[in-house]
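Remarks on the structure that follows.
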Amino acid sequence: MEDQPTIRLDQFMKLVGLVRSGGEAKHLIQSGQVMVDGVVETRRSRKLRPGNRVTLGDLSATVELGGEA
């Protein structure tokens, strides 16, 4: 789907509670501690789409955007 909603990796991590702040997300991402769909991601501006899975250590969350309000 071309018109899928997106969210930045750092924003998503804060939204779902994987981190407490954007600064914490930035540090963890840039130091290679965050994976998207099983691959290390070092760009905090990485655009995530529904279905992407973000992992930080033993914690993980799947992107779900554009649902009912």
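The sequence shown runs 701 to 769 under this note's numbering.
Ideal Cβ positions, reconstructed from N, Cα and C, are used throughout, including at glycine.
Computed from a predicted model, the values in this text were never measured in an experiment.
Query: Could you tell me which residues DSSP puts in a beta bridge with Met713?; Result: Its beta-bridge partners do not exist; DSSP assigns none.
Query: Output needed for Thr706: all residues of its chain with C-beta closer than 7 Å, excluding positions within five of it in sequence on either side, in chain order.; Result: Lys747, Leu748 and Arg749
Query: Just mark Glu741 as buried or exposed, buried being the case when its beta carbon has 16 or more other beta carbons within 10 Å.; Result: buried
Query: Specify the secondary structure class of Leu683 as computed by DSSP and reduced to three states.; Result: As displayed, the chain neither begins before 701 nor continues past 769, which places residue 683 out of reach and without an answer.
Query: Which residue comes first and which comes last in the beta strand (DSSP E) that contains Leu756?; Result: Arg753 to Leu756
Query: Let me know the secondary structure DSSP gives Leu728 once reduced to three states.; Result: helix
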